[in-house]
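K.L.:
Heads up: take any position in the sequence shown, counting from 1, add 18, and you land on my numbering.
Before I ask anything, here is the structure I am working with.
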Amino acid sequence: MKFNTKTIHGGQKIDPAFNSVMQPIYQTSTYAQKRPGVNKGFEYSRTHNPTRTALQNSFASLENAKYGVAFSSGLAAIDAIIKLLSPGDEVISTNDLYGGTFRLFTKVFEKYGVKFHFTSLHNVSDVESLINENTKVIWAETPTNPMINIFDIEALSIISKAKNLLLVVDNTFASPYLQNPINLGADIVMHSATKYLAGHSDVVLGALMLNDDKIAEKLYFIQNASGAVPGPQDCFLTLRGIKTLHVRMQRHCENAHKVANFLNNHEMVEKVYWPGLDSHKNHDVAKKQMSGFGGMLSFRIKDFNKKQTIKFLEKLHLFTLAESLGGVESLCGHPATMTHASIPVEEREKSGVTDSLIRLSVGIEDVDDLIEDLKNAFL
Ligand SMILES: *Cc1c(COP(=O)(O)O)cnc(C)c1O
19 MKFNTKTIHG
29 GQKIDPAFNS
39 VMQPIYQTST
49 YAQKRPGVNK
59 GFEYSRTHNP
69 TRTALQNSFA
79 SLENAKYGVA
89 FSSGLAAIDA
99 IIKLLSPGDE
109 VISTNDLYGG
119 TFRLFTKVFE
129 KYGVKFHFTS
139 LHNVSDVESL
149 INENTKVIWA
159 ETPTNPMINI
169 FDIEALSIIS
179 KAKNLLLVVD
189 NTFASPYLQN
199 PINLGADIVM
209 HSATKYLAGH
219 SDVVLGALML
229 NDDKIAEKLY
239 FIQNASGAVP
249 GPQDCFLTLR
259 GIKTLHVRMQ
269 RHCENAHKVA
279 NFLNNHEMVE
289 KVYWPGLDSH
299 KNHDVAKKQM
309 SGFGGMLSFR
319 IKDFNKKQTI
329 KFLEKLHLFT
339 LAESLGGVES
349 LCGHPATMTH
359 ASIPVEEREK
369 SGVTDSLIRL
379 SVGIEDVDDL
389 IEDLKNAFL
């Protein structure tokens, strides 16, 4: 099955009750049993729910994986992965990562004795030098948030395989339409389905996709034991969003391309970070591992301080100032004071998140209107 068919049919069965074409929302916490233990495979909705099962099958299909696991948020999905580890275990993570992931690693899990090393994943030898007998996971996010850095998944998978580590890729920014990390050698793919997968800024949900039977069993155990499961309504909304993923992503990419070119040619812009530009330092890797360059871009305005940058954001009308990304509507953000506020100043400036950096989630509106909006904010 091709990707554009999988978004609509992947892993889906016609519901047996009334042959409804859409997956019903099984809004129930529990299921009647004929006798104790005699049921149709569903006992309690933390453990299993048919709407969630349909979504998990769709997740697996989108990433060419055997298993999909759904969580109540992207962070709950990340939390489940780190719960595979034990005190003393170590993780090597990109230093340019989603602020909430950094917070979860350092403020929650370090306390339980898991050690995190943050480094640029550009240089495979830097990663190798951090590996010791306690290392268990390489955590990669590509493209990264908000610097839109690209890491070579295949190159990372070669060392992770050689050293028997788990390579986890946060694929949120690319979406499965543009990049399939499992095909490139990753062991687990993670998505904040809140973003492109659901795609309409109306749900918070997380996903894991993987092939390994034993790890999948552990993750389903954690899903049920820790209980961070999404409700059936949210599973339905995500399933419904996924049906147009391919159409939306195509337009996101086209619009971002035009917006990137506009900004790149604007005299007040210092630098544009979008992997489709020749000037992007990992353009070649992006070309190799992605089928398009996505709807996320960041840029810096020449000589702007924090106040001027925030003023610029306030002048935008079609780009709504908001956290999050990946919805049909365009959003803008100021990473230094918003998504990355919880990262220490030194740490964030080292990775490029300066006060003059603006992040755009380019939506699927008419791109002429989007460019007009940006033009006016520069005046
Ligand atoms: C939003 C986001 C997350 C966290 O997901 P939630 O659904 O908000 O919990 C993780 N990684 C990236 C790259 C994100 O953009």
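Virtual Cβ for every residue (Gly too), placed ideally from N, Cα, C.
Along the chain, where does the alpha helix (DSSP H) containing Y238 start, and where does it finish?
P.N.:
First-last of the alpha helix (DSSP H) with Y238: D231 to S244.
K.L.:
Considering Cα atoms alone, identify which of L375, R64, G29 and T48 is closest to N242.
P.N.:
Minimum Cα distance to N242 is reached at R64.
K.L.:
Any chance the CB of E108 is under 7 Å from a heavy atom of ligand 1?
P.N.:
Flag unset: Cβ of E108 not near ligand 1.
K.L.:
DSSP puts Y44 in a beta bridge; with which residues?
P.N.:
In DSSP, Y44 forms no bridge with anything.
K.L.:
Using 8 Å for Cβ pairs, my map puts V126 next to W157. What's the rounded Cβ distance?
P.N.:
About 15 Å; that fails the 8 Å criterion.
K.L.:
How should R429 be labelled, buried or exposed, when 16 other C-beta atoms within 10 angstroms of its C-beta is the threshold for buried?
P.N.:
In the structure displayed, the chain extends from 19 to 397; residue 429 sits before or after that span and is not available.
K.L.:
Quick check on the DSSP output: what are the complete beta strand (DSSP E) runs of length 3 or more inside the region 256-328, in order along the chain?
P.N.:
Qualifying beta strand (DSSP E) stretches, in chain order: 287-291 and 314-319.
K.L.:
Among H335, T327 and I168, which residue has its Cα nearest to the Cα of K306?
P.N.:
Considering only alpha carbons, the answer is I168.
K.L.:
Identify, in the order they occur along the chain, each residue of the same chain with its Cβ nearer than 6 Å to the Cβ of D188, setting aside the five sequence neighbours on each side.
P.N.:
Around D188: E159 and M208.
K.L.:
Whose C-alpha, out of V380, G86 and N150, is nearest the C-alpha of G106?
P.N.:
Closest option to G106, Cα to Cα, is N150.
K.L.:
Is the CB-CB distance between K289 and R258 below 8 Å?
P.N.:
Contact: no.
K.L.:
Using a threshold of 8 Å, state whether the C-beta atoms of A274 and V380 are closer than that.
P.N.:
Yes; because the gap between Cβ atoms is below 8 Å, this pair is in contact.
K.L.:
For ligand 1, is there a heavy atom less than 7 Å away from the beta-carbon of V222?
P.N.:
Answer for V222: yes, Cβ within range of ligand 1.
K.L.:
Evaluate P332 with the Cβ neighbour count: other Cβ atoms within 10 Å of its Cβ, from every protein chain shown; 16 or more gives buried, anything less gives exposed.
P.N.:
For the record, residue 332 in the displayed sequence is Glu; it is not Pro. Label assigned to E332: exposed.
K.L.:
Mind checking whether the beta-carbon of D387 lies closer than 7 Å to any heavy atom of ligand 1?
P.N.:
Outside the cutoff, so no.
K.L.:
On the criterion of 16 or more Cβ atoms from any shown chain inside 10 Å, does L397 qualify as buried, or is it exposed?
P.N.:
The residue in question, L397, is exposed, as its Cβ has fewer than 16 Cβ neighbours within 10 Å.
K.L.:
What I want to know is whether the C-beta of N113 ends up closer than 7 Å to one or more non-hydrogen atoms of ligand 1.
P.N.:
Because no heavy atom of ligand 1 lies under 7 Å away, the Cβ of N113 does not count as near it: no.
K.L.:
On the DSSP bridge list, what partners appear for G351?
P.N.:
DSSP, once it has assigned bridges, lists R377 as partnering G351.
K.L.:
In this structure, what does DSSP give as the bridge partners for V155?
P.N.:
Bridge partners of V155: V109 and L184.
K.L.:
Can you round the beta-carbon distance between F280 and P293 to whole angstroms, since I take them to be within the 8 Å contact cut?
P.N.:
Not confirmed; about 17 Å, so no contact.
K.L.:
Using beta-carbon positions only, say whether F123 and P161 come within less than 8 Å of one another.
P.N.:
In this structure, P161 does not lie closer than 8 Å to F123 by Cβ.
K.L.:
Specify, as a first and last residue, the run of the beta strand (DSSP E) that G25 falls within.
P.N.:
Reading off the sequence shown, one finds Thr at residue 25, where the question assumed Gly. T25 -> not in any beta strand (DSSP E); alpha helix (DSSP H) instead, spanning F21 to H27.
K.L.:
To the nearest angstrom, report how far apart G351 and K24 are at their CA atoms.
P.N.:
Their backbone Cα atoms lie some 32 Å apart in a straight line.
K.L.:
Does the separation of the CB atoms of I166 and Y291 fall below 8 Å?
P.N.:
The answer is yes: Cβ separation under 8 Å.
K.L.:
When DSSP builds the beta bridges, which residues end up paired with A88?
P.N.:
DSSP, once it has assigned bridges, lists A225 as partnering A88.
K.L.:
In the DSSP assignment, find the unbroken alpha helix (DSSP H) run with V363 in it and report its ends.
P.N.:
Its alpha helix (DSSP H) spans residues V363 to K368.
K.L.:
Express the C-alpha separation of L378 and L392 in angstroms, rounding to a whole number.
P.N.:
Cα to Cα, L392 sits roughly 11 Å from L378.
K.L.:
What would DSSP say about F134, mapped onto helix, strand or coil?
P.N.:
Of the three classes helix, strand and coil, the one that applies to F134 here is strand, per DSSP.
K.L.:
If we count the other Cβ atoms within 10 Å of its Cβ and call it buried at 16 or more, is S38 buried or exposed?
P.N.:
Per the 10 Å Cβ criterion, exposed.
K.L.:
Going along the chain, which residues of its own chain have a beta-carbon closer than 6 Å to the beta-carbon of S342, five neighbours each way excluded?
P.N.:
Cβ within range, chain order: n/a, list empty.
K.L.:
Since V186 and V221 should fall inside the 8 Å C-beta cutoff, what is the C-beta to C-beta distance between them, to a whole number of angstroms?
P.N.:
That pair is no contact at about 23 Å.
K.L.:
Suppose you measure from the CA of S138 to the CA of F60; what does that come to, to the nearest Å?
P.N.:
Rounded to whole angstroms, S138 to F60 spans 44 Å at the Cα level.
K.L.:
Tell me which residues share the same chain as L103 and place their Cβ nearer than 6 Å to its Cβ, disregarding the 5 neighbours each side in the sequence.
P.N.:
Hits under 6 Å: V132 and K154.
K.L.:
Around the Cβ of Y214, are there at least 16 other Cβ atoms within 10 angstroms (buried) or fewer (exposed)?
P.N.:
Buried, since its Cβ has 16 or more Cβ neighbours within 10 Å.
K.L.:
Can you tell me whether S47 is buried or exposed? The criterion is at least 16 other CB atoms within 10 Å of its CB, across all chains shown.
P.N.:
Exposed, because fewer than 16 other Cβ atoms sit within 10 Å of the Cβ of S47.
K.L.:
Just list the residues that DSSP pairs H209 with in beta bridges.
P.N.:
According to DSSP, which records beta bridges pairwise, H209 is partnered with A225.
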